[in-house]
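Since the structure comes first, as structure tokens, the remarks are kept for the end.
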Amino acid sequence: MVRLRGPLVAWALTLVLLAVSTVTMIAFQDKGFVPVKPGETGQETLPATPLVFVAYAFVWVALLGYVVLLWRRLGRVERELDQVRAKLQGRT
Numbered sequence: 000m001v002r003l004r005g006p007l008v009a010w011a012l013t014l015v016l017l018a019v020s021t022v023t024m025i026a027f028q029d030k031g032f033v034p035v036k037p038g039e040t041g042q043e044t045l046p047a048t049p050l051v052f053v054a055y056a057f058v059w060v061a062l063l064g065y066v067v068l069l070w071r072r073l074g075r076v077e078r079e080l081d082q083v084r085a086k087l088q089g090r091t
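By numbering that gives the first Met the number 0, the letter at position 14 of the sequence shown is numbered 13, and the numbering carries on one by one without gaps.
What follows is the structure, given as structure tokens:
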């Protein structure tokens with residue numbers, strides 16, 4: 000069961016990010032071409048802005064997950080080294 004935790008978390012994060020990106024795309028759906036009347040110059044918006052936000056969020060979540068994974072593995076290696084060191088000191 001311990002071996003499955005990492006892939007399950009990865010799948011869960013992927014599904015959450017997919018859901019967020021889908022909702023974002025639906026919310027900011029392009030309405031098609033709308034001609035601008037003279038004198039109606041509004042501020043331009045980039046429809047890709049929400050997708051860029053989701054991409055950056057995905058990268059930061061992936062980086063954080065990777066750092067946590069490395070931190071846990073390093074702790075496990077340090078515990079094993081302590082056990083080996085204790086066994087070696089017990090023999091002499």
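Ideal Cβ placement from N, Cα and C applies to all residues, glycine included. Note that this is a predicted model, so its numbers are computed, not measured.
Where does E79 sit, in a helix, a strand or coil, going by DSSP? helix
Three-way DSSP call (helix, strand, coil) for V19 in this model: Three-state DSSP puts V19 in a helix.
If we call anything under 8 Å between Cβ atoms a contact, is V60 one with L12? yes
Integer Cβ distance of F57 from L16, believed to fall under 8 Å: 5 Å
Whose CA, out of R71, Q28, V76, lies closest to the CA of T48? Closest in alpha carbon position to T48, among R71, Q28, V76, is Q28.
From V33 to Y55, what distance separates their C-alpha atoms? 30 Å
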